[in-house]
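Participant: Quick one: the structure is below, questions incoming.
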Amino acid sequence: MPEKPKQLPVVLFARSHAGEATCWRPSVDIYRTRTGWLLKFDLAGVRLEDVDVEIEGCRVTVRGLRRDWLLEEGYSHYSMEIAYNRFERTIELPCKLAHPRLHLDYEHGILMIRLDTEEEHR
Amino acid sequence: MKETESVSVLPVLPLKNSVLFPHLLMPLAVGRPTSVAAVEAALATEGKEIVIVAQREASTDVPGLDDLYGVGTRAVIKKMARPNESQMELIVLGVERVVLLKLEQAQPYIRVRVRAWPLPDEQSTEVEALHRAVVEMAGKALTLAQPQAPPELGQFLAASDDPLRLVYLLAGMLSLELAKEQSLLEAQSRSEALRLMHTYLTHEVQVLELRTKIASETQSEISRQQREYVLRQQMRAIQQELGEKDPNQAEVDLLRERLAKLELPEEVRKEAERELGRLERLPPGAPDHQVIRTYLDYVVELPWNVHTEDQLEIGRARQILDEDHFDLKDVKERILEHLGVLKLNPGAKAPILCFFGPPGVGKTSLGQSIARALGRKFERQSLGGLHDEAELRGHRRTYIGAMPGRIVQAIRRAGSNNPLIMLDEVDKLGRDYRGDPAAALLEILDPEQNRNFRDNYLDLPFDLSKVFFITTANALDTVPRPLLDRMEMLRLPGYSEEEKIEIARRYLVPRQLQQAGLTAEQCAFPDEAIKAIISGYTREAGLRQLERGIGRVARKIALRHAEGDTTALTIRPEDLLELLGPPAPSPEELRKELPPGVATGLAWTETGGEVLYVEATLLPGGHDLIITGQVGEVMQESAKAARSYVWSHAQQLGIDPAVFKDSGIHVHVPAGAIPKDGPSAGVTMAAALASLLTRVPARRDTAMTGEVTLTGLVLPVGGIKEKMLAARRAGVRRVVLPRGNEKDLWGLPDKVRTEMEFVFVERIEEALAATLPVGGGDEKPSAG
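What follows is the structure in structure tokens.
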């Protein structure tokens, strides 16, 4: 049998959730604030309307699509490192989020998700 | 993902030898122009999506849609780099499997319409059970394949909750064949995918187990050999320490000692030393060891320089020869001549003789007797039916079970390099595709060549020129001419009745009496009894039937003695009827009178001479000449010549030529079952025809032989001595024979010569005159 490329096992994506295996995962910074949480996603070049945020219990899932918008006639890739197409990232926070107030902000290619919990207001 | 529109149009990247599974990353090298174009097209889209499909044959360089499988994987290109202008390196991530629906574009790259084909979600106990079985089997395969693999990998496999992902993951890790990978990708359901994977894993585990087993067996075999080698080395060291020799070395030393004692020719010594050196270096277990040992044993045992001293005292030799054999003057003279030569010239070459004659005349025993007279060792080899040249010359040592040829074996058995070797039945050599033994004999029997006879096994020259070769044969026509040419022919023609009686009295009777346990006093064989046995119970040139007859009588007498009747007995001819049964009637006795048209001829056969009759009869109204009785071509022709002669000389013979026009002639030569050939019956046929046509019966006491030509000449023929003896045996006392054969009568016993009347003729007219009493001439009519 001739030499064949070996597939890289998805061990790279260990402990990921079911959907994530076929997408790319944006990097995320997580802050604790006085009023709750701030999640800072590295989502450069993603249009806000292509992003979907879902909160369920203590889980925050961000999924969406990065489209390559630089599609000029006569341009062709010489190399490519940026991940396109679907992305998905689920963050599990160490507490239950009851009735969070969600505030999205997109600036300089960074998606900021503020989660203010009622807990803090009590 | 749920909202993925299930149909899309995407560029296709054909893959050789491999399948990309969903959820897996795969690095790819892309070089084919169509593939590069497809990747570039994919990269020029927002989503960087491409369909990756395996091609059916890796050898297809520019595949069309037909060369691809119908199911592939939609993938996203994660990374791309170009190591050089024409090459691309990609990392692709499988997303989901798709069915190829329709070709949208073929150039410059393939674009197809595809539809996602997700596997139905399935939750059943069967899937659960299969899932567990696969996890278990995968763990087994993993430990077998990589005993040092991190345990996390196994745990990770076990923890995987999606069975389909597990299958894809394992498929990526195992190196499965393309068809198997594709069948996994095309599985209709999760349970099918799991079942397939379980089968593949089981196979993989079996292969791995076998491999481990083989590896460990090889390991143990090697270590066993190493241990043995080390132990042997130690044993050798201990033996040296103790001053003992190892058995192998002792054997080599013994052989060397024996070699040194022998006076070998230089070439032989060199070769033997060389082989001895090889033997010394070989371990005793080596397959060649035994071969070389046997070879050296053989070389050492051969009588390179051992010879027996010839007994050159001629008086003694003559005495021995006369003791053993009656008569045979020619042969005895020849042997004594050789002794005389040896006495004057000790370096004389031994003669190569060929004894030929009918069976039972003592050819083989004469050989033994010569060996005794000369004081040489006697070895006998029968060549009858031998058809393999290697039997004489041996097989080369490279063959398993190779042996020297019969000649070298005989010399080793004899233990001297100048034995008398008797090669019996040289006329009965066979030949086939393995070679012609007669051709090998040419070298062996040529005194100019056999000084350096090389046996294939020995591969050393052995001097056969001192060997006294005697061959024997019954007939010479099957012996190749070049072989005959090398030998000195000595004929042993058979015995007359007187000779037989003499031989029986001297040798056969005492031998048979002794074998039966009788003494000469208990049972006497007078000459009349022997004569009665010869005439009534034997028809042969030799003595075997006679000896058997005497043996039978002796055994019958021995039985009487054993039963208590111990009276001494003298065998009388009348007793033979009781002892041997009624005598066999001879065909000659049936012909008390010869009617016109029958003549007595003489024939030579391998077993001696025979009397034969030629019968001729008229066929009124016929035309042809019919010849029957298993008559060969030459004999048929001589019958035609005889008829033509009689026809053309009809007037002279007093025959009405009209008879040839009005009737055919039938010539028959009994016995019809025995094939006959040769020209020597020509005179007989002419006589039979003349007798038939003149109505004059031929003389019954006259036999004839000779070849007839159309002009009436009678030419000499062979086998005269045997024929004369046969005629006498049959009671014929008068023989008509060609003038040219007069000299052949020299070899006949005096008794035969004086008792018989010979009529020598040059022309057929003389022969007819001597045979047909009234046919003309001055012969007296006789009733025969």
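Protein chains in written order, with this note's numbering: chain A, 1334 to 1455; chain B, 93 to 876. For every residue, glycine included, the Cβ atom is placed at its ideal position computed from N, Cα and C.
#1: Determine the direct distance from the alpha carbon of Q604/B to that of E639/B, and round the result to whole angstroms.
#2: Quick one: any contact between the stretch 766-785 of chain B and the stretch 847-864 of chain B, if contact means 3 or more CB pairs under 8 Å?
#3: Counting only Cβ pairs nearer than 9 Å, list the residues of chain A close to E188/B.
#4: Can you tell me which of the three DSSP states G527/B falls into?
#5: Helix, strand or coil for E290/B, going by three-state DSSP, please let me know.
#6: Could you tell me whether the stretch 597-615 of chain B touches the stretch 641-653 of chain B, where touching means 3 or more Cβ pairs closer than 8 Å?
#7: According to the neighbour-count rule (16 or more other Cβ atoms, all chains shown, within 10 Å of its Cβ), is N548/B buried or exposed?
#8: Between the alpha carbons of Q238/B and P375/B, how many angstroms are there, rounded?
#9: Just to make sure I have the definition right: I need the residues of chain B whose C-beta is within less than 7 Å of the C-beta of A1416/A. Which are they?
#10: Does T96/B pass the burial test, meaning 16 or more other C-beta atoms within 10 Å, or should it be called exposed?
#11: Excluding the 5 residues preceding and the 5 following E589/B in the sequence, name in chain order all residues of the same chain whose CB lies nearer than 8 Å to its CB.
#12: For G774/B, which residues of its own chain have a beta-carbon under 6 Å away from its beta-carbon, when the five flanking residues on both sides are left out?
#13: So, for H479/B: in the same chain, excluding its five sequence neighbours on each side, which residues have a beta-carbon less than 8 Å away from its beta-carbon?
#14: Output, in chain order, the set of chain B residues within a Cβ distance shorter than 7 Å of S1412/A.
#15: Give the residues of chain A in contact with K140/B, contact being defined as C-beta atoms less than 8 Å apart.
#16: Is L1404/A close to chain B? Criterion is C-beta to C-beta, closer than 8 Å.
#17: According to DSSP, W838/B sits in a beta bridge with which residue or residues?
#18: Residues of chain A with CB under 7 Å from L185/B, in chain order?
#19: Note down the Cα distance separating L276/B from G186/B, rounded to an integer number of angstroms.
#20: Suppose only complete runs of 3+ residues qualify. What are the beta strand (DSSP E) ranges in the stretch 166-235 of chain B, listed by chain order?
#21: What distance in whole Å lies between the Cβ atoms of G724/B and D769/B, which are believed to be in contact at a cut-off of 8 Å?
#22: Report the partner residues of G1369/A according to the DSSP bridge assignment.
#23: State the start and end residues of the unbroken beta strand (DSSP E) segment that holds D1438/A.
#24: Closer than 8 Å, Cβ to Cβ, to anything on chain A: give me those residues from the stretch 109-122 of chain B, in chain order.
#25: Can we say the stretch 754-766 of chain B touches the stretch 698-718 of chain B, given the rule of at least three CB pairs closer than 8 Å?
#26: Counting C-beta neighbours from all protein chains within 10 Å, is the total for N509/B 16 or more, i.e. buried, or is it exposed?
#27: Checking contacts by CB at 8 Å: is L1345/A closer than that to chain B?
#28: Between which residues of its own chain and A230/B is the CB-CB distance below 7 Å, once the five residues before and five after are set aside?
#29: Per DSSP, what kind of secondary structure is R598/B in: helix, strand or coil?
#30: What span of residues does the alpha helix (DSSP H) with G432/B cover, start to end?
#31: Does DSSP put E471/B in a helix, a strand or coil?
#32: Identify the contact partners of A136/B in chain A, using a Cβ-Cβ distance below 8 Å as the criterion.
#33: Find the residues of chain A that neighbour E42/B, judging by a C-beta separation of less than 9 Å, and give them in chain order.
#34: Compute the Euclidean distance between the alpha carbons of R1422/A and S110/B, then round it to the nearest angstrom.
#35: Taking only the alpha-carbon atoms, compute the straight-line gap between A612/B and K455/B and give it to the nearest angstrom.
#36: Are three or more beta carbon pairs between the stretch 807-827 of chain B and the stretch 687-706 of chain B nearer than 8 Å?
Facilitator: Taking the definition as stated:
#1: 8 Å
#2: yes
#3: Going along chain A in sequence order, the residues near E188/B (Cβ under 9 Å) are T1355.
#4: strand
#5: Per the sequence shown, residue 290/B should be read as His rather than Glu. If DSSP states are grouped into helix, strand and coil, H290/B belongs with the helices.
#6: yes
#7: buried
#8: 41 Å
#9: K170
#10: In this prediction, T96/B has a pLDDT of 48, which is less than 50 and means its spatial position is unreliable; nothing more can be read from the coordinates.
#11: Within the same chain, Cβ atoms closer than 8 Å to the Cβ of E589/B are found at K623, I626, S627, R820 and R821, the five residues on either side in sequence being excluded.
#12: S730, A734, E799 and V800
#13: L521, G522, R523, D524, R526 and P529
#14: M172, A173 and R174
#15: D1401, M1413, Y1417 and N1418
#16: yes
#17: For W838/B, DSSP assigns no beta-bridge partner whatsoever.
#18: T1355
#19: Separation of L276/B and G186/B (C-alpha to C-alpha, rounded to the nearest whole angstrom) is 14 Å.
#20: 180-197 and 203-208
#21: 3 Å
#22: D1449/A
#23: R1434 to E1440
#24: N109, S110, L112, F113, P114, H115, L116, L117, M118, P119, L120 and A121
#25: yes
#26: buried
#27: Unreliable placement is indicated for L1345/A, whose pLDDT of 40 sits below 50; no coordinate value is reported for it.
#28: Cβ within range, chain order: L249, L262 and L293.
#29: Correct three-state label for R598/B: helix.
#30: K421 to L436
#31: Residue state, collapsed to three classes: strand.
#32: L1404, Y1408, S1409 and H1410
#33: What the structure shows of chain B is the stretch from 93 to 876, and residue 42/B is not part of that stretch, so it cannot be assessed.
#34: 30 Å
#35: 27 Å
#36: yes
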